[in-house]
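Everything on this sheet refers to the single structure shown next.
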Amino acid sequence: MATLHLHTPWASDITLVPNHFLDEHMLQANGEFVKIYLYLLRCAPDSLPSLSLLADKMSCTERDILRAVRYWEKEGLLKLGLDDEKKISDISFIYPKSPTAGDLQPAAPVPPKTQPEEKTAPTPVPVPAPSQPENKLSADRVRKLKENEEIVQLLYIAEQYLGRTLTFTDTNKLLYFYEELKFDAELIEYLIEYCVSKDHRSIRYIERVALSWAEQGISTVTAAKEEARQYSQTYFTIFKALGIQNRNPVKAEIEMMDRWMQEWGFTMDLIQEACRRTVMQTGSGSFPYTDSILQKWHTDKVRHLVDLEATDARHRAKTASAVQKGKKKKAGTAPNRFNDYPHRDYDFDQIKRSMFEQ
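Under this note's numbering, the residues of the sequence shown are numbered 297 to 654, in order.
Following this line, the structure appears as structure tokens:
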């Protein structure tokens, strides 16, 4: 494999790790991916003999290296360059966003070291990675908010719910909800409680819920509880259609129901019809069986009950065709050769009498 060139926008005498990587990417990433990212950052700007030698040095496989760099490319932190054989020849680190307080200032890009006779690949131009809605709070405003007793109490409660010390990003997001989304401290506290009750402690998930509430005009705890109550009612409507009683849905069932309603966009009447067919076929409320029905309908682009008529008609025609083929095959089956001989009839009583008369 050709020499691998590494490019970084930071100085080469020390290894600088952006706070954005630590706060937004490291905690959710695979540990091996983090190790590979950090070691590549340590080697840049420089050249490596090949990915295979790098894999040997890190006691992993070349495929592990490729999976890691592809992952960080999708995260918007690396840009990969390919040679004429479509193999990775350049890895450029991308500064994720405009630096905030405490982040590292990028230095001018340093060109890679190359042999004089080799053709130097052009250095890819760093581009900003997609980011969440920008936090417009100034450092001075953040400092003043942190002096507010209500905010101090809110941050303490958030740490108790989340079970960890708040990061810089966690704190900024919560202040963003307070200042920009106009959520009061009570609503933010309920927001965190609601997300944790669903076993979601990621600040990204909490932010998605907060933005959803803001879009719906939810600005009080009462309104948020009503929205949660109506949404929970749909779960128990599905439970009733499956004949399930006297228990709450578990996490896997909630994920399935959310997929049916949110990702696939099925209406309640379609979901109830799938539940009815599940009970008729299996005699029980099987979530996996209902999920398989709805997955097929999603593939067939079924959106309304009337769409089922055409889908069911095709299924009946296909079944009838298969039955007809089976009958023809059975009719054409050759007779069993082991039974193709004249049978003899024996009188066993007469045989016994003959034996005793002798």
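All C-beta atoms, glycine included, are put in the ideal place defined by N, C-alpha and C. Since the model is a prediction, treat every value here as computed from it, not as a measurement.
So, for residue i: in the same chain, excluding its five sequence neighbours on each side, which residues have a beta-carbon less than 8 Å away from its beta-carbon?
i, result
"residue 433", "441, 468, 471, 472, 475, 476"
"residue 450", "470, 474, 481, 484, 485"
"residue 453", "485, 488"
"residue 459", "497"
"residue 577", "585"
To the nearest angstrom, how far is the alpha carbon of residue i from that of residue j?
i, j, result
"residue 495", "residue 368", "26 Å"
"residue 556", "residue 335", "42 Å"
"residue 575", "residue 536", "11 Å"
"residue 355", "residue 383", "21 Å"
"residue 505", "residue 487", "8 Å"
"residue 587", "residue 552", "7 Å"
"residue 435", "residue 349", "45 Å"
"residue 331", "residue 390", "17 Å"
"residue 513", "residue 340", "48 Å"
"residue 611", "residue 579", "21 Å"
"residue 445", "residue 528", "34 Å"
"residue 549", "residue 325", "26 Å"
"residue 543", "residue 582", "15 Å"
"residue 318", "residue 614", "56 Å"
"residue 466", "residue 323", "13 Å"
"residue 353", "residue 381", "24 Å"
"residue 387", "residue 320", "21 Å"
"residue 376", "residue 312", "20 Å"
"residue 455", "residue 439", "19 Å"
"residue 608", "residue 502", "41 Å"
"residue 329", "residue 524", "37 Å"
"residue 622", "residue 509", "57 Å"
"residue 515", "residue 462", "24 Å"
"residue 365", "residue 547", "32 Å"
"residue 327", "residue 333", "10 Å"
"residue 448", "residue 519", "25 Å"
"residue 443", "residue 559", "42 Å"
"residue 618", "residue 606", "18 Å"
"residue 379", "residue 371", "22 Å"
Could you tell me the boundaries of the beta strand (DSSP E) in which residue i lies?
i, result
"residue 562", "Taken as a continuous stretch (DSSP letters only), residue 562 belongs to no beta strand (DSSP E), as it is neither H nor E."
"residue 327", "Looking at the DSSP string, residue 327 is not in any beta strand (DSSP E); the run it does join, the alpha helix (DSSP H), is 327–339."
"residue 258", "Residue 258 is absent from the model: the chain starts at 297 and stops at 654."
"residue 386", "384–389"
"residue 597", "Note, residue 597: premise wrong, no beta strand (DSSP E); not H, not E."
"residue 478", "It is not in any beta strand (DSSP E) - residue 478 carries neither H nor E in the DSSP assignment."
Tell me which residues share the same chain as residue i and place their Cβ nearer than 6 Å to its Cβ, disregarding the 5 neighbours each side in the sequence.
i, result
"residue 351", "357, 358, 361"
"residue 517", "482, 483, 486"
"residue 479", "473"
"residue 249", "Look at the range of the chain in this structure, 297 to 654, and you will see that residue 249 is not part of it."
Ends of the alpha helix (DSSP H) at residue i?
i, result
"residue 436", "435–442"
"residue 353", "347–353"
Compare the C-alpha of residue i against each of the options and name the closest.
i, options, result
"residue 315", "375, 464, 519", "464"
"residue 604", "540, 589, 380", "589"
"residue 594", "561, 619, 617", "561"
"residue 530", "508, 541, 554, 507", "554"
"residue 539", "645, 462, 573, 526", "573"
To which residues of the same chain is residue i closer than 7 Å at the C-beta, ignoring the five residues directly before and after it?
i, result
"residue 457", "488, 489, 492"
"residue 338", "311"
"residue 592", "none"
"residue 411", "Legend: pLDDT at residue 411 = 45, less than 50; position of this residue unreliable, no value from coordinates given."
"residue 534", "553, 567, 571"
Determine, using beta-carbon pairs with one atom in the segment 558–568 and one in the segment 594–612, whether at least three such pairs fall under 8 Å. Taking a cut-off of 8 Å on C-beta distances, the segment 558–568 touches the segment 594–612, as three or more cross pairs fall below it.
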